[in-house]
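In my numbering, the protein residues as written are 1240 to 1924.
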Amino acid sequence: MINQQLLNPQSIVVVGGSNDITKPGGKVLKNLIDGQFKGSLYVTNPKEDVVQGIRSYRNIKDLPQVDLAILAISASFCVETVEILAREKSTKAFIILSAGFSEVGAEGKVIEEKVVSIINENNGCLIGPNCIGVLNPSYNGVFTTPIPKLESKGCDFITGSGATAVFILEAGIPKGLTFANIYSVGNSAQMGVEEILKYLDETFDAAKSSRIKLLYLEKIDKPEMLLKHSASLIRKGCKIAAIKAGSSEAGSRAASSHTGALASSDVAVEALFRKAGIVRCYGREDLVAVASIFTYSELKGENIAIITHAGGPAVMLTDELSKQGLQIPHIQNSFSEELLTKLFAGSSVSNPIDFLATGTAQQLETIIDYVDEKFDNIDGMVVIFGTPGLTPVFDAYEVLHKKIRTCQKPIFPVLPSVGIAKDEVEEFISKGHTNFPDEVNLAKALGRVFFTQKPVAENIELPEVDKNKIREIIENSENGYISPVSIQGLLDAARIPRAKEATISDKNLLRNAAFEIGFPLVMKVVGPVHKSDVGGVVLNVKTEEQLFSEFDRMMKIKDTTAILLQPMLSGMELFAGANFEKGFGHLILCGMGGIFIEVLKDVSAGLSSLSQNESLSMIRSLKSYKMIQGARGQEGVNENLFAEILCRLSALLEAAPEIKELDLNPLLGKGDKIIAVDARIRIEK
């Protein structure tokens, strides 16, 4: 829907333009004038003939044809204004700065829908309403400041919040972060973050387009579009970081199953970002730090050298890098001993490499050369260099500038003296670098960037399942939790191993079923949702007497319709489940089973469809992964087999999208066997 009239208009009218630059209509006009818009610039204002030196039309009908209209008028006047511009003035692009639309209630929503309808009928595009506008190389179509100097290799920034955009610009510009295009979509009445990203993907030019995309989202209306085009851009060589606001548990819906209780829309967002390869951020400074890391060479390995003349910041940086999973390996070899002779007495090269507060620019250069060329166990370096104000540090920052450009290993500069060494830092930034004033923020961002995986493959090949059998069972089942017999059929059709079992409601059939399965047995009630809460699970049933006694007792439990018999098995309790998240599709979760799922809630989630590698990544991200591997002499579980079960769940869900909730809890794993012992499936046609 984005068109050239929005991107590169030959004429712009500010509807509601004013001489008062404290108002949006006045400030956006001033920004357009200050930005030296090269096309024809018009104003409409019923009380003025000239506004800020620009001719003003008292009646909008007197305007010539115009490509882009920026509206800064009351929402109540927007429908008529848009109608005249779209139908009589051939206007194909609109930016509505005004508030008072769907964000304020039903009446505003009606106005918004009428505006969108008129624009759509005339094949136009709309940014907003309730936004700060658009900033690109053609025009400064925003009513806010700061106005950064735009660079083609800067960041493309798309935001749902205008105020957040302003604050991120204020945080990023002093650190050297540059921007290429800024889109503030506001209410996203016609186009949201997803549509803008889609356009950037479809028009991506490897030679000209920005390779850094920053997103601020308060809602995700089109998850599939966001996933598709984010992943596509990253595969083309772009890097994407995003804030998704509104992630509190208060937004999670109540659900009856373990999976439903653990899954939430934010879990789905996390899974979407991971699948797409988006680096998730949690605040403005975080986003700026991640974006700044994107501007440097990519860190290829996890081993970091810290070069510093200040011990305290190096300690804090070391602590945070370690928390993030990055390594600060000890450096001790013949080259390090040689390096030590080139530094002042008292220096240390063991890592952190501390060359003291009296260290010189020449020593800094020598250290960087050794790390880059001679220390094979180092993948990247962080240089902390501030000043107490005794001498200028231009020479040290010139070394950094030169080495960042020429070294094979990435260098991340922490220049904390943004006050005392203000001139030096500004000169460093002016040469095209970004600065990290805070070493801990850098460490957090660096860890997140390094451990964010690349997008998954576009086409995922799922395991073979019996789709005909799955469809037959689903079509013959009623909505709600389906019967144990149907569950057994679905698991068999998906080729997910399960325990041998029998469902008995007639006591006369109990003995034969028990001997066919074999003692010891597990007995479970069929009917109640939370079996253990009502005394509906009995383990290690070894005799016929106990079998019949428990059958009589359990059949009296409220809502019980039958008793499920299974063999008494042993092994590590695992969990796998799925939950349908509206808009996102199926969310597949895994973790340790039994009480671990309820107490620890150590789960990992991924959006279906899942590949084997994606499933393995989910398993390996669990805090309890060492238990799955086999901790403290205990036998572990075949993680490849566990991952295959997750992939088979994915194939089952693709064949039966009516499944809304699914629990396999527990799965019992032992060596090279994993067997589903208990399962619940709820469908909704």
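Beta carbons are placed, not taken as given, at the ideal position from N, Cα and C, and that holds for glycine.
Integer-rounded CB distance, given that residue j should sit under 8 Å from residue i
i, j, result
"residue 1249", "residue 1306", "5 Å"
"residue 1267", "residue 1308", "The pair is not a contact, with the Cβ atoms about 12 Å apart (cut-off 8 Å)."
"residue 1802", "residue 1762", "6 Å"
"residue 1914", "residue 1687", "The Cβ separation is near 37 Å, so there is no contact."
"residue 1310", "residue 1279", "The pair is not a contact, with the Cβ atoms about 18 Å apart (cut-off 8 Å)."
"residue 1887", "residue 1734", "6 Å"
"residue 1543", "residue 1566", "7 Å"
"residue 1537", "residue 1649", "7 Å"
Coarse secondary structure for residue i, derived from DSSP in three states
i, result
"residue 1557", "helix"
"residue 1935", "There is no way to answer for residue 1935, as the model of the chain reaches only from 1240 to 1924."
"residue 1481", "strand"
"residue 1243", "helix"
"residue 1888", "helix"
"residue 1852", "helix"
"residue 1649", "coil"
"residue 1265", "helix"
"residue 1840", "coil"
"residue 1935", "Because the chain in this structure spans residues 1240 to 1924, residue 1935 falls outside the shown range and cannot be described."
"residue 1924", "coil"
"residue 1601", "helix"
"residue 1925", "No information on residue 1925 is available, as it lies outside the stretch 1240 to 1924 that the chain covers here."
"residue 1623", "strand"
"residue 1500", "Confidence at residue 1500 is low in this model, with a pLDDT of 41, below 50, so the placement of that residue is unreliable and no value is reported for it."
"residue 1909", "strand"
"residue 1371", "coil"
"residue 1494", "Because residue 1494 sits at a pLDDT of 34, beneath the cut-off of 50, its placement in the model cannot be relied upon, and the point is left open."
"residue 1563", "coil"
"residue 1846", "strand"
"residue 1403", "helix"
"residue 1575", "helix"
"residue 1633", "helix"
"residue 1708", "helix"
"residue 1749", "helix"
"residue 1870", "coil"
"residue 1420", "strand"
"residue 1663", "helix"
"residue 1731", "helix"
"residue 1489", "Per-residue confidence for residue 1489 stands at a pLDDT of 47, beneath the threshold of 50, marking its modelled position as unreliable; the derived number appears in the next sentence. Helix."
"residue 1697", "coil"
"residue 1900", "strand"
"residue 1445", "coil"
"residue 1276", "coil"
"residue 1593", "strand"
Burial state of residue i (16 or more Cβ within 10 Å)
i, result
"residue 1918", "buried"
"residue 1291", "buried"
"residue 1269", "buried"
"residue 1302", "buried"
"residue 1873", "exposed"
"residue 1451", "buried"
"residue 1665", "exposed"
"residue 1521", "exposed"
"residue 1583", "exposed"
"residue 1576", "exposed"
Span of the beta strand (DSSP E), counted from its first residue to its last, around residue i
i, result
"residue 1773", "Segment: none, residue 1773 is in no beta strand (DSSP E) and carries neither H nor E."
"residue 1825", "1824–1831"
"residue 1398", "1389–1398"
"residue 1295", "1293–1296"
"residue 1366", "1364–1366"
"residue 1524", "Where residue 1524 is concerned, there is no enclosing beta strand (DSSP E), although the alpha helix (DSSP H) it sits in stretches over 1523–1533."
"residue 1282", "1279–1283"
"residue 1310", "1307–1310"
"residue 1380", "1378–1381"
"residue 1359", "No beta strand (DSSP E) holds residue 1359; the alpha helix (DSSP H) holding it covers 1345–1360."
"residue 1518", "1518–1520"
is_contact[residue i, chain D] using C-beta, thresh 9 Å
i, result
"residue 1910", "Of the protein chains in the structure, only one exists, and it is not chain D."
Extent of the continuous alpha helix (DSSP H) to which residue i belongs
i, result
"residue 1542", "No alpha helix (DSSP H) holds residue 1542; DSSP gives it neither H nor E."
"residue 1580", "It is not in any alpha helix (DSSP H) - residue 1580 carries neither H nor E in the DSSP assignment."
"residue 1684", "1678–1690"
"residue 1318", "1317–1327"
"residue 1252", "Note, residue 1252: premise wrong, no alpha helix (DSSP H); beta strand (DSSP E) at 1250–1254."
"residue 1765", "Residue 1765 -> not in any alpha helix (DSSP H); beta strand (DSSP E) instead, spanning 1760–1765."
"residue 1412", "Unbroken run through residue 1412: none, as it is neither H nor E."
"residue 1470", "1462–1474"
| Within the stretch 1777–1820, ranges of the beta strand (DSSP E) (whole runs, at least 3 residues) | Correct list: 1801–1806 and 1811–1820.
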